[in-house]
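Presented below is the structure to which this report refers.
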Amino acid sequence: MNKEKIFKNHRAEPYFTFVKKGIKTVEGRLNKGKYKEIQPKDHIVVFNNEETESFEVVVVGVRNYFSFKELLEKEGLKKVLPNAETLEEGSNIYREFYSEEDEKNFGVVAIEVEVVK
6 MNKEKIFKNH
16 RAEPYFTFVK
26 KGIKTVEGRL
36 NKGKYKEIQP
46 KDHIVVFNNE
56 ETESFEVVVV
66 GVRNYFSFKE
76 LLEKEGLKKV
86 LPNAETLEEG
96 SNIYREFYSE
106 EDEKNFGVVA
116 IEVEVVK
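If you're matching positions, the sequence shown starts at 6 in my numbering and goes up one per residue.
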């Protein structure tokens, strides 16, 4: 029996607002650490960087991919990175945070969320 877990996560702008407004519905992360443990029905409390605002989301889907490019192609660029215009731009945004080596070693995970009203 799966017991839902609660995770905490910090989001910088503009992504904090994109998730809060339901514009960004898929989070992409390396498939390691707490992100490897997240399952559907888990809850995530999302904080802004200053920790002055927060809201809660529920995980509605978790899907694994080999790369961020594959994740962006399959999940849809605008669901993952609403401010990116092309797959190349989206891949470059992820490269600012994650190395190609880590991406190959761990794979990536798409975490689909809905804001809890």
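Beta carbons: idealized from backbone N, C-alpha and C, even for Gly. These numbers were taken from a predicted model, which means no experiment stands behind them.
Contact set for residue i: own chain, Cβ-Cβ below 6 Å, skip 5 residues either direction
i: Arg-34; result: Tyr-40 and Val-114
Pairwise C-alpha distance: residue j and residue i
i: Gly-27; j: Val-50; result: 14 Å
i: Phe-73; j: Val-85; result: 10 Å
i: Met-6; j: His-48; result: Since pLDDT at Met-6 reaches only 44, below the 50 mark, its modelled position is unreliable, and no value is offered.
i: Lys-109; j: Glu-75; result: 12 Å
Residues that residue i bridges to, as DSSP identifies them
i: Gly-112; result: The partner list for Gly-112 (beta bridge, DSSP) is empty, contrary to what the question assumes.
i: Glu-106; result: None; Glu-106 has no bridge partner.
i: Phe-52; result: His-15 and Ser-59
i: Glu-32; result: Ile-116
C-beta atoms of residue i and residue j nearer than 9 Å
i: Ile-98; j: Val-64; result: no
i: Val-24; j: Val-62; result: yes
i: Leu-77; j: Ser-96; result: yes
i: Phe-21; j: Asn-54; result: yes
i: Gly-38; j: Ile-116; result: no
Close beta carbons around residue i, own chain, < 7 Å, minus the five adjacent residues each side
i: Gly-112; result: Asn-36, Asn-69, Tyr-70 and Phe-71
i: Lys-79; result: Tyr-70
i: Phe-60; result: Lys-25, Val-51 and Val-120
Cβ neighbours of residue i in the same chain (closer than 8 Å, five flanking residues each side left out)
i: Val-118; result: Val-24, Thr-30, Val-31, Glu-32, Ile-49, Val-62, Val-63, Val-64 and Val-65
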